[in-house]
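Count along the sequence shown from 1, add 8, and you get the number used in our numbering.
First the structure, in the form of C-alpha coordinates, and then the observations on it.
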Amino acid sequence: MRGAVLFVLLASVHGASAEILVANAGILRAQDKMTGVVSDYNLPTGGSQTMGRLTVTLDECRYPSDLSMAEAYAHITIMDSQGADPLFKGWMVASSPALSALDHPRYDVWVLRCDVPQTSEVEGSGG
(Lines of atoms letter the chains of each structure in order from A and count residues from 1; the text may use other names and numbers.)
(Lines give C-alpha, C1' and ligand atoms only; values in the text may rest on other atoms or scores of the structure.)
Protein backbone atom coordinates (compact mmCIF):
# COMPACT_ATOMS: atom_id res chain seq x y z
CA MET A 1 0.00 0.00 0.00
CA ARG A 2 2.80 2.42 0.91
CA GLY A 3 4.41 1.80 -2.49
CA ALA A 4 1.18 2.78 -4.28
CA VAL A 5 0.94 5.97 -2.24
CA LEU A 6 4.58 6.77 -3.05
CA PHE A 7 4.04 6.53 -6.80
CA VAL A 8 0.88 8.64 -6.63
CA LEU A 9 2.95 11.29 -4.84
CA LEU A 10 5.70 10.99 -7.46
CA ALA A 11 3.26 11.54 -10.28
CA SER A 12 1.80 14.63 -8.63
CA VAL A 13 5.20 16.15 -7.76
CA HIS A 14 6.88 15.56 -11.12
CA GLY A 15 3.82 15.85 -13.33
CA ALA A 16 2.95 13.68 -16.27
CA SER A 17 5.86 14.99 -18.38
CA ALA A 18 8.67 13.50 -16.28
CA GLU A 19 9.45 9.92 -17.19
CA ILE A 20 10.45 7.64 -14.31
CA LEU A 21 13.55 5.65 -15.28
CA VAL A 22 15.18 2.62 -13.68
CA ALA A 23 18.89 2.80 -12.82
CA ASN A 24 21.32 -0.12 -12.66
CA ALA A 25 22.68 1.01 -9.28
CA GLY A 26 22.05 3.32 -6.35
CA ILE A 27 24.05 5.15 -3.72
CA LEU A 28 23.03 4.61 -0.11
CA ARG A 29 24.34 6.19 3.06
CA ALA A 30 24.48 4.42 6.41
CA GLN A 31 25.33 5.73 9.86
CA ASP A 32 26.32 3.76 12.92
CA LYS A 33 24.76 5.93 15.65
CA MET A 34 27.00 4.46 18.37
CA THR A 35 30.31 5.26 16.69
CA GLY A 36 29.18 8.14 14.48
CA VAL A 37 30.75 6.50 11.42
CA VAL A 38 28.99 7.40 8.15
CA SER A 39 29.59 5.27 5.05
CA ASP A 40 28.39 5.58 1.47
CA TYR A 41 27.76 2.46 -0.61
CA ASN A 42 27.33 2.22 -4.37
CA LEU A 43 25.23 -0.89 -4.84
CA PRO A 44 24.19 -2.46 -8.13
CA THR A 45 20.58 -3.56 -8.41
CA GLY A 46 20.36 -6.80 -6.46
CA GLY A 47 23.63 -6.02 -4.65
CA SER A 48 24.07 -6.14 -0.88
CA GLN A 49 26.27 -4.53 1.74
CA THR A 50 26.77 -5.83 5.27
CA MET A 51 27.37 -3.48 8.20
CA GLY A 52 27.46 -5.01 11.62
CA ARG A 53 24.45 -7.32 11.92
CA LEU A 54 22.57 -5.66 9.07
CA THR A 55 22.59 -6.56 5.40
CA VAL A 56 21.18 -3.91 3.05
CA THR A 57 20.05 -5.00 -0.42
CA LEU A 58 19.14 -2.57 -3.19
CA ASP A 59 16.20 -4.12 -5.02
CA GLU A 60 15.61 -1.25 -7.46
CA CYS A 61 16.43 2.44 -7.91
CA ARG A 62 14.18 4.77 -9.93
CA TYR A 63 14.56 8.44 -10.78
CA PRO A 64 12.70 11.09 -12.79
CA SER A 65 14.34 11.78 -16.15
CA ASP A 66 14.45 15.52 -15.47
CA LEU A 67 15.97 15.26 -11.96
CA SER A 68 18.41 12.35 -12.06
CA MET A 69 20.85 13.89 -9.55
CA ALA A 70 18.25 15.49 -7.29
CA GLU A 71 15.82 12.65 -6.67
CA ALA A 72 15.76 8.89 -6.22
CA TYR A 73 13.24 6.29 -5.14
CA ALA A 74 14.90 3.08 -4.01
CA HIS A 75 13.30 -0.20 -3.00
CA ILE A 76 15.46 -1.60 -0.23
CA THR A 77 15.42 -4.73 1.91
CA ILE A 78 17.28 -4.66 5.23
CA MET A 79 17.86 -7.88 7.14
CA ASP A 80 19.25 -8.49 10.63
CA SER A 81 21.48 -11.57 10.88
CA GLN A 82 19.66 -12.51 14.10
CA GLY A 83 16.17 -12.47 12.57
CA ALA A 84 14.27 -14.22 9.81
CA ASP A 85 12.03 -11.31 8.79
CA PRO A 86 13.21 -8.08 7.17
CA LEU A 87 13.69 -5.09 9.46
CA PHE A 88 12.71 -2.94 6.49
CA LYS A 89 11.34 -3.73 3.06
CA GLY A 90 10.00 -0.92 0.96
CA TRP A 91 10.64 2.31 -0.92
CA MET A 92 12.84 5.12 0.40
CA VAL A 93 12.76 8.60 -1.12
CA ALA A 94 16.00 10.60 -1.28
CA SER A 95 14.34 13.99 -0.85
CA SER A 96 12.10 12.81 2.02
CA PRO A 97 13.99 10.24 4.09
CA ALA A 98 11.51 10.42 6.99
CA LEU A 99 8.61 9.44 4.70
CA SER A 100 9.68 5.80 4.84
CA ALA A 101 12.61 5.13 7.16
CA LEU A 102 14.38 2.28 8.89
CA ASP A 103 13.47 2.24 12.60
CA HIS A 104 16.59 0.83 14.28
CA PRO A 105 18.28 1.81 17.55
CA ARG A 106 21.83 1.66 16.17
CA TYR A 107 21.76 2.23 12.40
CA ASP A 108 20.29 4.75 10.00
CA VAL A 109 20.15 3.93 6.29
CA TRP A 110 18.90 6.23 3.54
CA VAL A 111 19.12 6.64 -0.22
CA LEU A 112 21.20 9.48 -1.69
CA ARG A 113 20.60 9.02 -5.41
CA CYS A 114 20.52 6.55 -8.24
CA ASP A 115 23.82 5.95 -9.99
CA VAL A 116 23.07 7.02 -13.55
CA PRO A 117 25.32 7.73 -16.55
CA GLN A 118 26.17 11.43 -16.67
CA THR A 119 25.25 13.48 -19.68
CA SER A 120 28.01 15.50 -21.29
CA GLU A 121 28.82 18.84 -19.66
CA VAL A 122 29.19 20.32 -23.15
CA GLU A 123 25.55 19.46 -23.99
CA GLY A 124 24.08 21.82 -21.40
CA SER A 125 26.75 24.53 -21.41
CA GLY A 126 25.78 26.14 -24.69
CA GLY A 127 29.32 26.22 -25.97
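Every residue, glycine too, gets a C-beta built ideally from N, C-alpha and C.
Local conformation of residue i per DSSP, three classes
i	result
R37	strand
N32	coil
V98	It is worth fixing the name first, because residue 98 is Gly in this sequence and not Val. Strand at G98.
R114	coil
G134	Confidence is the limiting factor: at G134 the pLDDT is only 45, short of 50, which leaves the residue's position unreliable and the question unanswerable from this model.
E68	strand
S108	coil
S188	What is shown of the chain runs 9 to 135, which leaves residue 188 out entirely.
V13	Any reading at V13 must be qualified, since the residue scores a pLDDT of 44, below 50, and its modelled position is unreliable; no value is offered.
A82	strand
Min CB distance residue i to chain C below 8 Å
i	result
L51	Absent from the structure: chain C. Only one protein chain is present.
Cβ-Cβ distance between residue i and residue j below 8 Å
i	j	result
L51	G34	yes
D74	A26	yes
Residue(s) in a DSSP beta bridge with residue i
i	result
D88	L62
V2	Nothing in the structure corresponds to residue 2, since the chain is present only between 9 and 135.
V124	Note: V124 sits in no beta bridge, so no partner.
Alpha-carbon spacing of residue i relative to residue j, whole angstroms
i	j	result
L36	A92	23 Å
D111	G60	16 Å
S108	T43	24 Å
V64	A82	12 Å
V119	A102	5 Å
T58	V46	14 Å
D67	S89	18 Å
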